[in-house]
Amino acid sequence: MWPGDGPWPASAAGPVTAAALLVAAVIVVRLFFVPRLQPSSGTERRGAASGAFGSARLPAGSLGWPLLGETPAFILAAYSARPESFVERRRLLYGKVFASHLWGSPAVVSSDPEVSRAVLQADASAFVPWYPRSLMELMGRSSILVLGGGLQRRVHGLAGAFFKSPHLKARVTADMHRRVARAMAAWRRPGAAPVVRVQDEAKSIVFEILVRALIGPDEGHEMQYLRQQFKEFIAGLISLPVKLPGTQLYRSLKAKKRMTKLIQKIIQEKRKRRIAECEDPHGTHHPPRDMIDVLLGNGSDELTDELISDNMIDFMIPAEDSVPVLITLAVKYLSECPQALQQLEVRFNFVATHKLTSSLTLELRYTEAFGGDTQEENMDLKRRKSGAGETLEWTDYMSLTFTQHVITETLRMGNIINGIMRKAVRDVEVRGHLIPKGWRVLVYFRAVHLDAAVHDDPHTFNPWRWKERADVMTGGGFTPFGGGQRLCPGLDLARLEASIFLHHLVTNFRWVAEEDAVVNFPTVRLRRGMPIAVTPRT
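The following block contains the structure:
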């Protein structure tokens, strides 16, 4: 969701056809071709493993077609309504950990919570990040997605501390209040479009908020320029690994170069200002206002302008992709679960007609439960704070217990990051499974999150399940933000932004959601942007 454990396959903007991706798979395989291995006939390797790793064995599985492996089957499943079907079919044949051949390399696929957790917790002496070639071209060697060792820990630690800081959360909350209020005021204007597309609105809001937190520009020309260039940049994250003029990768690299030029200009200005403040004994020393200030304040020579600018661009990805999709999916799931929506809302009487499918219309009647024990927490919070003349703070939003359950359940069902890939730098044994040197490991979060053995009735949106599920939260059964040393550093900020948007939506509007479908590949998104017809509350 945030750079740390990046998505795999990487997110990209805009639709990509299945045919184009199959062609891309062929080209990628030819570029990265590794001699075909058969787990079932790997007698020599298993024999070698018995000495070094005891009973560790290469998982059973199939390497699929020559050259293509099982990549076409993975892609076809990814485009279906149940992307996890690729893993589910093989899990029945081989178990929760099995061998395959994906994206040009033999791979071990894990849908086992404990094995996945062990891979995520392992350090660079066992596994390093692996991504498709086009993404590596765009990210660069100084990206936090691929950095290792002490430098990765330093950047990750600085980012995590900043994103968790009360100072930043307070500023983000104030910025979100202002930006959400402006957007929703436009929904109320006479003559406003009767239908709001939640995905577009959320992207516009979150991008501005996050870019301000990263590099500090206010609304205006620089913000618009960065947004324009970033859209071109992110479109190339999954593309053919060809840099010829006219290709998407070529255009995306040019867009990154233009963004880098602007961001490095901002970095240099900040460096000059810091030098001037240090030389002036009576100068005012301000706390860091953005992520660039934090990295410059560390004083390490390793944190070059190039490294800082590259990682600022990486950190923008959640603003265009992950956080807006989290918000949009939450609105979709709430629209389809009236009981959950009611608990978020105030106790009030109304009749709404909600179209669930083209052939099914459900009339929802809500009646006020005077004297009841359950508090519809968002309106209750708004009423209490308004009555006291107080402004809502970030701690208020994060204290909304049921809202946090809604966000957690949205992350589990939505699987905005389907999984991550690692590359074994040596022969590694993980809970009895041998992963040979050079093989990839796909830790497939989606298969775990939708596994009936881990979560009861996994395809049903049920926020109440999280009232007593601390075991799953800590045991590898819930990993939407990755894990280990590369755990997403912005997870708290993502929850905060989603909480603020949902609070203002449910306390200011009623809505009727139009039918929409989730697209899971190459990026999770709503096909129509989640259109809703909003009605202001009186």
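Counting in the numbering used here, the sequence shown runs from -2 upward without gaps.
The beta-carbon is built from N, C-alpha and C at its ideal position, and this holds for glycine as well.
Per-residue burial, residue i [other beta carbons within 10 Å of its own, 16 or more giving buried]
i	result
H283	exposed
N295	exposed
I417	buried
D109	buried
G217	exposed
K254	exposed
H452	buried
T535	exposed
S356	Confidence is the limiting factor: at S356 the pLDDT is only 32, short of 50, which leaves the residue's position unreliable and the question unanswerable from this model.
G384	exposed
T400	buried
P460	buried
P103	buried
K464	exposed
T325	buried
Q221	exposed
E67	buried
S122	exposed
T398	exposed
D298	exposed
K267	buried
R536	There is no way to answer for residue 536, as the model of the chain reaches only from -2 to 535.
K262	exposed
G137	buried
Q149	buried
D307	buried
H456	exposed
L89	exposed
A210	buried
8 Å contact criterion, which residue i and residue j should meet: CB distance rounded
i	j	result
L60	S97	7 Å
A199	F498	6 Å
L300	A53	About 40 Å separates the two Cβ atoms, so there is no contact after all.
V112	V427	6 Å
G481	F160	With 8 Å as the limit, G481 and F160 do not qualify as a contact, their Cβ atoms being about 17 Å apart.
L99	R437	7 Å
L223	L250	Not quite, the Cβ-Cβ distance comes to about 16 Å (not below 8 Å), so this is no contact.
Closest by C-alpha distance to residue i, when choosing among the options
i	options	result
V328	G146, D513, A180 and P110	D513
A78	A530, P533, G526 and F518	F518
T388	G145, K262, M173 and S131	M173
D393	P477, T170 and L338	T170
P433	V106, T244 and E274	V106
I264	P321, L237 and I305	I305
I212	M288, L234, L237 and L223	M288
Q339	V438, L293 and W508	W508
Y441	A450, H456, N459 and T476	T476
A115	G479, G92, E67 and L490	G479
R380	E205, L300 and T504	T504
P528	Q118, S122, R194 and Q149	R194
L323	R286, P69, D197 and A252	D197
R175	G157, E205 and L148	E205
A491	I141, N415 and S319	S319
R522	G157, E494, I414 and L484	I414
H164	F71, R224, W391 and F95	W391
V94	G58, H500 and H402	G58
C334	F458, V239 and M395	F458
H501	A119, D290 and E374	E374
Y330	L484, D215 and A510	A510
A74	G526, D290 and V516	V516
P214	I141, M309 and S496	M309
G474	K420, L117 and L90	L117
K420	P63, R86 and G101	G101
L155	L292, L259 and D302	L292
E494	I235, A70, P533 and L207	L207
Could you give the uninterrupted runs of the alpha helix (DSSP H) lying entirely in the stretch 95 to 172, keeping only those of 4 residues or more? 110 to 118, 130 to 136 and 146 to 161
As an exercise, report each continuous beta strand (DSSP E) stretch of at least 3 residues that is fully enclosed by the stretch 425 to 452, in chain order. 425 to 427, 430 to 432 and 437 to 441
Below 8 Å, can you find three or more Cβ-Cβ pairs linking the stretch 266 to 275 to the stretch 222 to 241? no
Give the list of continuous alpha helix (DSSP H) stretches no shorter than 4 residues that lie fully inside the stretch 261 to 308. 288 to 295
Any 3 or more C-beta pairs closer than 8 Å across the stretch 179 to 190 and the stretch 403 to 410: These segments do not touch.
Contained beta strand (DSSP E) runs [length at least 3] in the stretch 486 to 511, N- to C-terminal order: 506 to 510
The stretch 174 to 184 touching the stretch 312 to 326, judged by at least three CB pairs closer than 8 Å: no
Would you check if there are 3 or more beta carbon pairs closer than 8 Å linking the stretch 235 to 253 to the stretch 117 to 133? yes
The stretch 62 to 82 contacting the stretch 441 to 450, beta-carbon criterion three pairs below 8 Å: yes
If we require 4 or more residues per run, which alpha helix (DSSP H) segments fall completely within the stretch 367 to 411? The stretch 367 to 411 contains these whole alpha helix (DSSP H) runs: 374 to 384, 391 to 395 and 398 to 411.
Scan the stretch 165 to 241 and note each continuous alpha helix (DSSP H) run of 4 residues or more that stays entirely inside, going in chain order. Along the length of the stretch 165 to 241, whole alpha helix (DSSP H) runs at least 4 residues long occupy 195 to 212 and 218 to 231, reported in chain order.
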